[in-house]
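If you read the sequences in order, they're chains A and B.
In the numbering used here, each number is its position in the first sequence, counted from 1, plus 29.
In the numbering used here, each number is its position in the second sequence, counted from 1, plus 29.
Ideal placement from N, C-alpha and C gives every residue a C-beta, glycine not left out.
See below for the structure under consideration.
There are 2 protein chains.
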Amino acid sequence: MHPTRIQLAADDIPTHWYNIVADLKNPPAPPLGPDGNPVGPEKMLAIFPGTVLEQEMSAERWIPIPDEVRQAYALWRPSPLCRAERLEQMLGTPAKIFYKYEGVSPAGSHKPNSAVPQAYLNKLAGTKRLVTETGAGQWGSSLSLAGQIFGLPVRVYMVKVSYNQKPYRRLMMQTWGGEVIASPSMHTETGRKLLAENPDNAGSLAIAISEAVEEAVSVPGTKYALGSVLNHVLLHQTVIGLEAKKQFEKAGEYPDMIFAPCGGGCNFAGVTFPFLGDAAAGDKRAQKIRYVGVEPASCPTLTKGVYAYDFGDSSGFTPLMKMHTLGHDFMPPGIHAGGLRYHGMSPLVSQLYEEKLIEAVAVPQVATFEAGVMFARAEGIIPAPESAHAIRACIDEALRCKESGEPKTLFFNLSGHGHFDMTAYESYFAGKLEDFAYPEQVIQASIARLPKVG
Amino acid sequence: MHPTRIQLAADDIPTHWYNIVADLKNPPAPPLGPDGNPVGPEKMLAIFPGTVLEQEMSAERWIPIPDEVRQAYALWRPSPLCRAERLEQMLGTPAKIFYKYEGVSPAGSHKPNSAVPQAYLNKLAGTKRLVTETGAGQWGSSLSLAGQIFGLPVRVYMVKVSYNQKPYRRLMMQTWGGEVIASPSMHTETGRKLLAENPDNAGSLAIAISEAVEEAVSVPGTKYALGSVLNHVLLHQTVIGLEAKKQFEKAGEYPDMIFAPCGGGCNFAGVTFPFLGDAAAGDKRAQKIRYVGVEPASCPTLTKGVYAYDFGDSSGFTPLMKMHTLGHDFMPPGIHAGGLRYHGMSPLVSQLYEEKLIEAVAVPQVATFEAGVMFARAEGIIPAPESAHAIRACIDEALRCKESGEPKTLFFNLSGHGHFDMTAYESYFAGKLEDFAYPEQVIQASIARLPKVG
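Right, dumping it as structure tokens:
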């Protein structure tokens, strides 16, 4: 029978993560403090344990995955590589379409790939409890699960408007034992101050980050965990691409193009970095691959942002990172792909983009959901709105192949399912979704407010 | 590395379904009409196509699975067999616990195992569109998906109260192209009559069945599809147990006990019938297995019902079937395991129970959710409330093993995930769930109203 899914065995779960820092042409730009000087590890140690910081700053090419982490990965990994033959037929394209399906994780996305090692590394370092923030809930539920696996209590500051509008995600965290707090809350100075000013403050990701970091700094034994952007998070996600390489080998295929949604960058990095590593090592096929980050037209960080030092949060609380950014006070419109509503981009992905090793494309919201529904009807799986961005770009290329007759092999990361995003599909079916993009001058004005550095 | 999941390849998808009718000691009791005479195929042909009826009435032991169906199965099958080692450790039991995970299907449960062949067989027979009913939405979404795969439009009559309370399941059906109608509706005589009497009628599964069957009978080219109870549905589900046998062989293990939720019976049949077939063929190990159907204490069909002819629906519209029943007008309490709220039981499962080849146990609701949460925290997967019934019974046995020191091998069917049932978990966490069981005299009174036959 024609195999639709290429499976690997538990033994095929990678034994090492791939660290692209070892293969960069130029060293990564260091994070800077408000004074313009590099931030030392001692400051970072207040919120992250040494075990995590060591990975964050490592230049080693291969970093061993602890046995305990591999064993926890085995709850859902290796994830399948699938061929979307029904979608190919629906499109009438000569292209072959493959996708890696990360929605098989208990949390339904790729996020546990980093939540699990972060919880483990914290446990190892003696951390007593973890705090984090969550917007749509993907990261908060992944960390709740990971904390449960390694016996670490997890508190999640969840943006209040999501807390109220997304009860299912909140309940998922609670089922895994996570403590979920609507943010802003009375648990922190930040929250108390904001609620005193406005008791109806609906919260934002930036506020939730501030609350979580404040608690990590002030409560002994408590550390903070972040779900994207930073080097160690991207590192952990490389299990996706490492498995995919084995699976393509097993299938006797090789991608011409790789597509992944691009929000903070960990999804894109996870699937592409191992191939980029091969390219850096001289693999001619990997050098020929086109690596395409797909972002929402409403939050076009790579395609319309600048490469500059900026804050990671909107309130200027974090160190300055050199990255593609729309400006830290850029307010992404309320699109349904909550995971892609971020003004900045991981510094590593930004550097690769700047060095022209990767590409980016921006897609509008309505066309994205159209692609998501096409995929669901062809392949069964209802994709998360974030993942649907990669599907849109992949379908567009498959349709170009139909025009040109080129039998390209296209590959995208289906980073998660949409079981908790069905109201977004409802809006799409009801014709209520909008394609929104800020006028150029709004973006330019936001960029003009970037902090002055050096 | 220690394998947690036993995977099979696409080629391992069974080539034949196993039909237990070939191995029954006594022939199955025929369905009867209101006159007490067996219902002939000509009456059934008004609602089912010949291709389906042929399977319904077959006594062949092995029925080939069409290539088209196997190819569609390959979208998610073979499903994994997993060892719940973290749960074993949490319980401190010497028992080994295995589960087959059917939640990997796009619809999130075992239901597509029959929806897919039913849609295919209808397509083959020239059916132009399908109608069905759905309560909680599992079956309706599975048939919507299957219809989409084979190009058959699907209309689903969804119990109105669920239509309003479970928008996510409804949206899932719509995403797959299913047309979802709140029942009672103005589309049928049945619906119009009921709405004329009471415009606020909230609907029931019985009413939705009546509407779907009425439409199948009256609209040319339209056929009806049922998601459990009937022989052909149980037949289709045997892919679960057939795969499990291969997986146990691969793992070098063998179950001492098998647990499955028991509502209409297709879940239980799917996992146990292939082992029971081995037992019938003289396999001593299979003969030693204890086969345990797990039902809710609030709807104890096998444990408290009688074995008698009764209607399949509450309004007396269907043929009479010989089965375990609480009486067709027994009103199951509003527990969260909607899939187990059925007054009757599949005739095949009933016969096996009557012949003492299988056992049954009833578990209360609160303890069931407690088991579901334990499982979620240990293994990551949040189980559907229906599946949590099997988990409860399995955990109880594992705890007995802890007392006795017996290292039994326990196996249960994790028939689906709970992503669309999170509000049930919310009620559990809030302490709002109740253990409800009718007093004995209520059940006896319902049974006393059984139709008189012959």
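Exercise. Around the Cβ of Ser247(A), are there at least 16 other Cβ atoms within 10 angstroms (buried) or fewer (exposed)?
Worked result: One-based indexing of the first sequence puts residue 247(A) at position 218. Exposed, by the Cβ-count rule.
Exercise. Nearest-angstrom Cα distance between Met215(B) and Ala136(B)?
Worked result: The residue labelled residue 215(B) in the question sits at position 186 within the second sequence. The residue labelled residue 136(B) in the question sits at position 107 within the second sequence. Each residue's Cα considered, the two are about 28 Å apart.
Exercise. What residue from Ala419(A), Ile49(A) and Tyr102(A) has the CA that sits closest to Arg90(A)'s CA?
Worked result: Residue mapping note: residue 90(A) aligns to position 61 of the first sequence, counting from 1. Checking every option, the nearest Cα to that of Arg90(A) belongs to Ile49(A).
For this session: Return yes when the C-beta of Tyr371(B) is under 6 Å from any heavy atom of the ligand GDP, and no when it is not.
Result: Within the structure as shown, the ligand GDP is missing, as the structure has no ligands at all.
For this session: May I ask you to list, following chain order, the residues of the segment 453–478 of chain A that have a beta carbon less than 7 Å from some beta carbon of chain B?
Result: Tyr454, Glu455 and Phe458
For this session: Can you tell me which of the three DSSP states Cys328(A) falls into?
Result: Residue 328(A) sits at position 299 when you count from the first residue of the first sequence. If DSSP states are grouped into helix, strand and coil, Cys328(A) belongs with coil.
Problem set entry | chain B within 7 Å of Gly409(A), Cβ atoms only | Walking along the first sequence from the start, residue 409(A) turns up at place 380. Yes, because at least one Cβ of chain B sits closer than 7 Å to the Cβ of Gly409(A).
Exercise. Of all the options Thr267(B), Lys461(B) and Lys333(B), which has the alpha carbon lying nearest to the alpha carbon of Ala474(B)?
Worked result: For the purposes of this step, residue 474(B) is identified with residue 445 of the second sequence, where counting begins at 1. Nearest C-alpha to Ala474(B): Lys333(B).
Exercise. Which residues in the same chain have their Cβ closer than 6 Å to the Cβ of Tyr186(A), if we skip the five residues on either side of it in sequence?
Worked result: Locating residue 186(A) in the first sequence gives position 157, counting from the first residue. Once the five neighbours on either side are set aside, the close Cβ partners of Tyr186(A) are Glu162, Ile210, Ser212, Ala237, Glu240 and Ala241.
For this session: Tell me whether Asn230(B) sits in a helix, a strand or coil according to DSSP, three-state version.
Result: As a working mapping, residue 230(B) is identified with position 201 in the second sequence. Of the three classes helix, strand and coil, the one that applies to Asn230(B) here is coil, per DSSP.
Exercise. Does Arg184(B) come within less than 7 Å of chain D when only Cβ atoms are used?
Worked result: The displayed structure is made up of protein chains A and B, and chain D is not among them.
Exercise. Where Phe441(A) and Phe127(A) are concerned, what is the direct C-alpha to C-alpha distance, given to the nearest angstrom?
Worked result: If you number the first sequence from 1, residue 441(A) lands on position 412. If you number the first sequence from 1, residue 127(A) lands on position 98. Those two C-alpha atoms are separated by around 6 Å.
Exercise. So what's Leu439(A) in DSSP terms, helix, strand or just coil?
Worked result: Here residue 439(A) corresponds to residue number 410 of the first sequence, with the count starting at 1. Leu439(A): strand per DSSP, three-state reduction.
Exercise. Given Val145(B), which residues of its chain have a CB within under 7 Å of its CB, disregarding the five upstream and five downstream residues?
Worked result: Along the second sequence, read from residue 1 onward, the residue named residue 145(B) stands at position 116. These residues qualify, in order along the chain: Val98, Ala101, Tyr102, Ala175 and Ile178.
For this session: Could you name each continuous beta strand (DSSP E) segment of 3 residues or more that falls completely within the segment 367–421 of chain A, going from the start of the chain to the end?
Result: 388–392
Exercise. Whose C-beta lies closer than 7 Å to the C-beta of Leu153(B) among residues of the same chain, with five residues either side of it excluded?
Worked result: Within the second sequence, numbered from 1, the residue matching residue 153(B) stands at position 124. Result list for Leu153(B): Thr80, in chain order.
Exercise. Just by C-beta distance, which residues in the segment 195–226 of chain A are closer than 8 Å to chain B?
Worked result: Pro196, Tyr197, Leu200, Met201, Gln203, Thr204, Trp205 and Gly206
Problem set entry | Under 7 Å between C-beta atoms of Phe340(B) and His357(B) | Locating residue 340(B) in the second sequence gives position 311, where the first residue counts as 1. Locating residue 357(B) in the second sequence gives position 328, where the first residue counts as 1. Yes, they are a contact pair.
Exercise. Hey, quick one: how far does the beta strand (DSSP E) through Trp105(A) stretch, first residue to last?
Worked result: Looking up residue 105(A) in the first sequence gives position 76. That residue, Trp105(A), is in no beta strand (DSSP E); it is neither H nor E in DSSP.
For this session: Would you mind sorting Asn193(A) into buried or exposed? The rule is 16 or more other CB atoms within 10 Å of its CB.
Result: Residue numbering aside, residue 193(A) sits at position 164 when the first sequence is read from its first letter. That one is exposed.
Exercise. So, Gly447(A) versus Ala165(A), is the Cβ gap smaller than 7 Å?
Worked result: One-based indexing of the first sequence puts residue 447(A) at position 418. One-based indexing of the first sequence puts residue 165(A) at position 136. Not in contact: Gly447(A) and Ala165(A) (Cβ atoms no closer than 7 Å).
For this session: Kindly indicate if chain B contains any beta-carbon less than 7 Å away from that of Thr397(A).
Result: Numbered from 1 along the first sequence, position 368 holds the residue referred to as residue 397(A). Chain B, which has no Cβ nearer than 7 Å to the Cβ of Thr397(A), makes this no.
For this session: List the whole-angstrom C-beta distance separating Ala413(A) from Asp450(A), where the pair is believed to meet the contact cut-off of C-beta under 8 Å.
Result: For the purposes of this step, residue 413(A) is taken as the residue at position 384 of the first sequence. For the purposes of this step, residue 450(A) is taken as the residue at position 421 of the first sequence. That belief holds up - the Cβ atoms of Ala413(A) and Asp450(A) are roughly 6 Å apart, short of 8 Å.
Exercise. Would you report the Cα separation of Val552(A) and Arg314(A), rounded to the nearest angstrom?
Worked result: With chain A running from 30 to 483 in the structure shown, residue 552(A) is simply not present.
Exercise. Alpha carbon to alpha carbon, what distance is there between Gly132(A) and Ile410(A)?
Worked result: To locate residue 410(A), count along the first sequence from 1; it is residue 381. To locate residue 132(A), count along the first sequence from 1; it is residue 103. Cα to Cα, Ile410(A) sits roughly 9 Å from Gly132(A).
Exercise. What residue range is occupied by the uninterrupted beta strand (DSSP E) comprising Trp168(A)?
Worked result: One-based indexing of the first sequence puts residue 168(A) at position 139. Not the beta strand (DSSP E): Trp168(A) falls in the alpha helix (DSSP H), residues Gln167 to Phe179.
Exercise. Would Ala88(B) count as contacting chain A if we go by Cβ distances under 7 Å?
Worked result: Along the second sequence, one-based indexing puts residue 88(B) at 59. So no, Ala88(B) is outside the interface.
For this session: Grab me the residues of Leu305(B)'s own chain with a C-beta within less than 8 Å of its C-beta, minus the 5 sequence neighbours each way, in chain order.
Result: For this step, residue 305(B) is matched to residue 276 along the second sequence. Around Leu305(B): Ile49, Asp52, Ala315, Tyr320, Leu381, Leu386 and Ile387.
For this session: Note down the Cα distance separating Pro123(B) from Ile287(B), rounded to an integer number of angstroms.
Result: Within the second sequence, numbered from 1, the residue matching residue 123(B) stands at position 94. Within the second sequence, numbered from 1, the residue matching residue 287(B) stands at position 258. If you take the alpha carbons of Pro123(B) and Ile287(B), they lie about 17 Å apart.
For this session: Determine, using beta carbons only, whether Met119(A) comes closer than 7 Å to chain B.
Result: Here residue 119(A) refers to the residue found at position 90 when the first sequence is read from its first residue. Cβ-Cβ to chain B under 7 Å: no for Met119(A).
For this session: Could you round the C-beta distance between Val268(A) and Pro43(A) to whole angstroms and report it? I think they count as a contact, below 8 Å.
Result: Counting from 1 along the first sequence, the entry for residue 268(A) is found at position 239. Counting from 1 along the first sequence, the entry for residue 43(A) is found at position 14. Correct: roughly 5 Å between the Cβ atoms.
Exercise. For Arg25(A), which of helix, strand or coil comes out of DSSP?
Worked result: This structure leaves residue 25(A) out entirely; chain A is present only between 30 and 483.
Exercise. Alpha carbon to alpha carbon, how far is Thr217(A) from Met86(A)?
Worked result: Start at 1 with the first residue of the first sequence, and residue 217(A) comes out as number 188. Start at 1 with the first residue of the first sequence, and residue 86(A) comes out as number 57. If I take the Cα positions, the gap works out to 30 Å.
Exercise. Thr33(A) touches chain B at which residues, Cβ-Cβ below 7 Å?
Worked result: Here residue 33(A) refers to the residue found at position 4 of the first sequence. Ordered by position in chain B, the residues that pass the 7 Å Cβ test against Thr33(A) are Ala39, Ala103 and Leu104.
For this session: Helix, strand or coil for Thr122(A), going by three-state DSSP, please let me know.
Result: Locating residue 122(A) in the first sequence gives position 93, counting from the first residue. Three-state result, Thr122(A): coil.
Exercise. What residues from chain A crowd round Gln36(B), counting only those whose CB sits closer than 8 Å?
Worked result: Taking the first residue of the second sequence as 1, we reach residue 36(B) at position 7. Neighbours of Gln36(B) on chain A, chain order: Gln36 and Ala38.
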